[in-house]
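First up is the structure itself, then whatever we jot down about it.
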Amino acid sequence: MNMQNCRTVYGETLVELGRENERIVALDADLCKSTMTRLFEQQFPERYFEMGIGEQNMISVASGLAISGKIAFANSFAVFATGRPYDQIRVSCISNVNIKIMGSSCGLSDFGDGATHQSIEDIAIMRAIPNMTVLSPADGIETRKMVRAAVEHEGPVYIRILRNEVPDVTDEKEKFEIGKPSVIRQGSDVTVFAHGYMVYKALKAADTLQKQGISVRVVNVSTLKPLDEQAIKELAGDVKAVVTVEEHTIIGGLASAVAFILRGQAIPMEAIAVQDCFGQSALSYEELLEHYGLTDTAIVKAIKKVLA
Amino acid sequence: MSVSAEKIAELEKMARKLRHDIVMMIGAGKPGHLGGSCSIADIIAVLYFHKMRHNPKEPKWPDRDRLLLSKGHAALTQYAVLAECGYFPEKELSTLKELGSMLQGHPEMLRMPGIEANTGSLGQGLSIACGMALAGKLDKKDYKVYCILGDGEIAEGQIWEASMTAAFYKLDNLVAIFDKNRVQAMGPIVERYDTNPHGEKWKAFGWQVLEIDGHSVEEIAEALDKADEVKGQPAMIVANTVKSKGVPFAEGKAEFHHGIMTQEQHETARQLFEEDCG
């Protein structure tokens, strides 16, 4: 399986876009070597703005640039790009400015740095803001398409970017469209809705269950907002149960969104997510995911439970 | 550019007209941001009727000078001046805070022509102004970005983040004006939460600091011209002002930060400015 690092893909894509479009500028809060906007800085130093360790100011400066006609990419770790400047983002969304907020090292992917650095509420808080588009790519292939789509889209966009290498799971040839969930694997017994790295975990679970005679459809819900309600209803409508999987708190993310769409329907549902608790340090990403129950075996278990 | 006696008289008259409009927008028996709006009336009059390059017929003219009220609650003054300049019909001023009005409690750029950004969540305007100044440098435009701050507002840490951005990027196309009216919502700044010293702080943060009487249109105009000569660093004009300036019963009083005028007070204030506004 081909592995790609989403943040590297992001940095390279931003450089490509920077070459194509002079309006693109990037800002970072002293993490450009990690978020990979360093690549953009090296190519276009005049269009890169180091903002120091000041995320609130960074977002408002990005807004000022965007109001003046730039497409402003504001970068930091997901937790600092969303939580620290929440109100600045909110105000930018009231005026629907063309800023792109890139939340790097999202979810638990910054495994070593502990609870302060792990973003498990970013999707919930970004979803809550009117005008905001919220995206979570499943792999490098989708990251590339998504960053391009964010430039095409006029208005504020939040993209969460994983820190570590993840396997390619999406189809290079498939077009990415904001708002459209995509079926990664067909199945008829249960639909698993997932985003980010959890799409891969869901595919692994589907492989395991296929051998046991259970057919699992895996849907990549890489746009968390706006969510295509009709598509979610249809993808849940012809199976016996649904399961959501997300590297995010159970509150306000994919589970909340899907449950709300399917309200009033008699379809059984299970949700795999970080429970209402903070992360912590671990020596590896996988170890941390396992601790919080974000594994393919947990998905297998949940599917069996929901079908029982 | 030196200012003629005639121009000074005209600007003073305009400032009184703005105060009149502020009083009329707020009305009697309703709360409104009288204090901080009146303290910047002279500054706003000089900016729009003397200093700034702008075109009410083309609010988005790329080469225009921009004004942001980082202290967005003083928007009434900007609403009044924009109406006066012809950005929108003056009759709109009577719709303040009505459902669907372009005159929101705090300024909104998508609702009103001439408003450059949404401000009012305090502490953010200077950063947005920095972004606009950076864009101006990048696009090799010679517009200026003006930004008015409050002396209560600068308790917000983001202001100091922005002050470092302005200095680090040598934003000499950015001019901030500090409305030092000495009173915040809950009382005098020195008693409630002292943000002093002011000029020294801005100097230490890399700004060229000028200090003036913020109610002398002549001093305001001169300081704005001097700010043009500042190169390689941003300029800060510390304007010493009086909260609710021009409305005697409210001057210097925290209760008129967002206060209610009685019918009688409102009538008194209206009559004060009436001769200028016939």
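Protein chains in written order, with our numbering: chain X, 1 to 308; chain P, 1001 to 1278.
All residues carry an ideal CB built from backbone N, CA and C; glycine is no exception.
Among the CB atoms of chain X, none fall inside 8 Å of the CB of C1147 of chain P. Minimum Cα-Cα distance from E1274 of chain P among the listed residues P:H1257, P:I1022, P:S1002, P:L1138 corresponds to P:I1022.
Taking 8 Å as the threshold, the shortest C-beta distance from D171 of chain X to chain P does not fall below it. Within the same chain, L1076, L1093, L1096 come within 6 Å of M1025 of chain P by CB-CB distance, once the 5 residues on both sides are set aside. Beta bridge pairing from DSSP links Y1146 of chain P with P:L1067, P:V1175. Taking the Cβ atoms as the reference, A124 of chain X lies roughly 7 Å from T249 of chain X, within the contact range of under 8 Å. It is roughly 22 Å from the alpha-carbon of D1213 of chain P to the alpha-carbon of A1080 of chain P. For E174 of chain X, no beta strand (DSSP E) encloses it, and the DSSP letter there is neither H nor E.
If the five residues before and after S95 of chain X are omitted, its C-beta is found closer than 8 Å to the C-beta atoms of S63, I67, all from its own chain and listed in chain order.
In this structure, P:Q1158 is the residue among P:M1014, P:K1057, P:Q1158, P:S1101 with its C-alpha nearest to the C-alpha of S1070 of chain P.
Ranked by Cα distance from I178 of chain X, the options X:T295, X:K145, X:A202, X:Y197 are led by X:K145.
Nearest neighbour of K301 of chain X by Cα position, chosen from X:V216, X:L108, X:C106, turns out to be X:V216.
Under the Cβ criterion (8 Å, minimum of three pairs), the stretch 179 to 193 of chain X counts as touching the stretch 241 to 255 of chain X. Counting C-beta atoms within 10 angstroms of its own C-beta, N1055 of chain P has fewer than 16 neighbours from the protein chains shown and is therefore classed as exposed. CA-CA distance, F1088 of chain P to M3 of chain X, rounds to 57 Å. Taking each of P:L1134, P:L1034, P:S1002, P:A1005 in turn and checking the Cα distance to A1269 of chain P, the smallest one comes out for P:L1034.
For V1217 of chain P and L1082 of chain P, the gap between their C-alpha atoms comes out near 19 Å. Contact with chain P is absent for L14 of chain X, since none of that chain's Cβ atoms lies less than 8 Å from the residue's Cβ. Distance between G1114 of chain P and D207 of chain X, taken at the CA atoms: about 59 Å. DSSP assignment within the stretch 1181 to 1242 of chain P yields the following whole alpha helix (DSSP H) runs of 4 residues or more, N-terminal first: 1189 to 1192, 1199 to 1204, 1217 to 1229. Looking at the backbone, the Cα of L209 of chain X and that of F77 of chain X are separated by about 35 Å.
At a Cβ-Cβ threshold of 8 Å, C6 of chain X and L203 of chain X do not count as neighbours.
By the Cβ test, the stretch 1145 to 1152 of chain P is in contact with the stretch 1113 to 1130 of chain P, since at least three Cβ pairs between them sit closer than 8 Å. Around the Cβ of P1234 of chain P, a 10 Å sphere holds 16 or more other Cβ atoms; the residue is buried.
Within chain X, the residues S60, V61, S63, G64, I67 have their CB atoms less than 8 Å from the CB of I1128 of chain P, given in chain order.
I94 of chain X belongs to the set of residues whose beta carbon lies under 8 Å from a beta carbon in chain P. When secondary structure is reduced to three states using DSSP, E20 of chain X falls in the helix class. Close CB contacts of S1039 of chain P within its chain, under the 8 Å cut and outside five residues either way in sequence, are with A1074, D1179, N1181, G1214, T1241, V1242, K1243, S1244, K1245 (chain order). With distances taken between CA atoms, M126 of chain X lies nearest to X:I89 out of X:I89, X:E46, X:A115, X:A205.
Beta-carbon to beta-carbon, A72 of chain X and I53 of chain X are separated by about 18 Å, too far to satisfy the 8 Å threshold.
Counting along the chain, no beta strand (DSSP E) covers E152 of chain X; the unbroken alpha helix (DSSP H) around it starts and ends at 140 to 152. Looking at P:E1084, P:Q1184, P:E1153, the one whose alpha-carbon comes closest to that of I1177 of chain P is P:E1153. Separation of the CB atoms of V199 of chain X and V242 of chain X is rounded to 15 Å, and the pair is thereby denied contact status at 8 Å. With respect to chain X, the C-beta atom of Q1233 of chain P has no partner C-beta closer than 8 Å. Shown here, Q4 of chain X sits in a strand according to DSSP, grouped into three states. Assignment of N220 of chain X by DSSP, reduced to helix, strand and coil, places it in the strand class.
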